[in-house]
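Structure, as structure tokens:
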Amino acid sequence: MKTILSAAALLTATVTCAQAQEAATPWSLRLGIANLGFDESADINLNGARLRGASFETDDDTTLTVSLGYRFAEHFSAEATVGLPPTAQLNGTGPLQGMELGKVTYGPATLTGLYHLPLTDSFEVYGGAGVNYTIIFDTEDGVIDGFEVDNAWAPVVQVGVSGAIPQSSAEWFVDVKYIPLETKARGTVGGAKAEADITLNPTIVTAGIGFRF
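Sequence positions in the sequence shown follow mature numbering (1 follows the signal peptide of the UniProt record, and there is no 0) and run -20 to -1, 1 to 193.
Encoded structure:
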């Protein structure tokens, strides 16, 4: 009887340990919906001369994101995030008011290191910083012919909250990323060489669910 009880205890301990290891897997996958809001502006030159008062504006974009995370320890993790590339229409302002300058299909990819602060067993806040690389997949001409926009590197800061979903192994999350992003664009307008230093400074608010695997 004692042998049976010892074996049962050992089996229980083994299963519990295996479940704990499974629950503590360091890898996670997050799926989210992100809103990208821009604080945009531009310095535009035609044939090397500043076009005073000319800039552009663009609407917010919404896209789907996926993040792959690795939890090094209770308080530290790294996360890589990419999104389904949205297309932004750039509309002129000032002397260019009413003109569509062009369209850009882009994808911001981020890699961040995060510090986690658990507040309860099922709720935590986190924050950190890292690097962003915005990839330009395609451009379309508007009044600017041969419209081109450069890929660009920028820093990124990130803060968020997450919590366990009851009766589930999944979690919910909401986070915010800010990217002080600048890039360059070029083309021609009526045969004149056009160049622009573009500031975008997107704030990305994402909400979704995550899974450990």
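Ideal Cβ positions, reconstructed from N, Cα and C, are used throughout, including at glycine.
Every value quoted in this text rests on a predicted model; they were computed, and no experiment measured them.
> Tell me which same chain residues have a C-beta within less than 7 Å of the C-beta of D41, skipping the five on either side of it?
Replying inline: Listed in chain order, the non-local C-beta contacts of D41 below 7 Å within the same chain comprise L16, P66, A68, local neighbours out to five positions each way being set aside.
> Candidates L70, A29, V123: which alpha carbon is nearest T85's?
Replying inline: Its Cα nearest to that of T85, the residue L70 stands out among L70, A29, V123.
> In three-state DSSP terms, what is P75?
Replying inline: In the structure shown, the three-state DSSP call for P75 is helix.
>> For residue 223, count the other beta carbons within 10 Å of its own beta carbon; 16 or more makes it buried, fewer makes it exposed. Which is it?
In response: Examination of residue 223 is not possible in this model, given that the chain is present from -20 through 193 alone.
>> For I189 and L44, which I take to be in contact (beta-carbon distance under 8 Å), what is that distance rounded to the nearest angstrom?
In response: Not confirmed; about 12 Å, so no contact.
>> DSSP has D177 in a bridge; who is on the other side?
In response: Paired residues: D23, K164.
>> Would V154 and V141 be called neighbours here (beta carbons separated by less than 7 Å)?
In response: The answer is yes: Cβ separation under 7 Å.
> Given D19, which residues of its chain have a CB within under 6 Å of its CB, disregarding the five upstream and five downstream residues?
Replying inline: Taking D19 as the centre and dropping the five residues before and after it, the same chain places the C-beta of N181 closer than 6 Å to its C-beta, in chain order.
>> Can you give me the C-alpha to C-alpha distance between A132 and E175, rounded to a whole angstrom?
In response: Answer to the nearest angstrom: the Cα atoms are 16 Å apart.
> Helix, strand or coil: how does DSSP classify L9 here?
Replying inline: Strand at L9.
> Grouping DSSP H, G and I as helix and E and B as strand, with all else coil, what is G107?
Replying inline: When DSSP states are grouped into helix, strand and coil, G107 belongs to the strand group.
> A29: buried (16+ other C-beta within 10 angstroms of its C-beta) or exposed?
Replying inline: A29 sits exposed, since fewer than 16 C-beta atoms from the chains shown fall within 10 Å of its C-beta.
> Taking the beta strand (DSSP E) that I124 falls in, what are its first and last residues?
Replying inline: Run containing I124: none; DSSP gives neither H nor E here.
> In terms of residues, what are the limits of the beta strand (DSSP E) holding residue 243?
Replying inline: Examination of residue 243 is not possible in this model, given that the chain is present from -20 through 193 alone.
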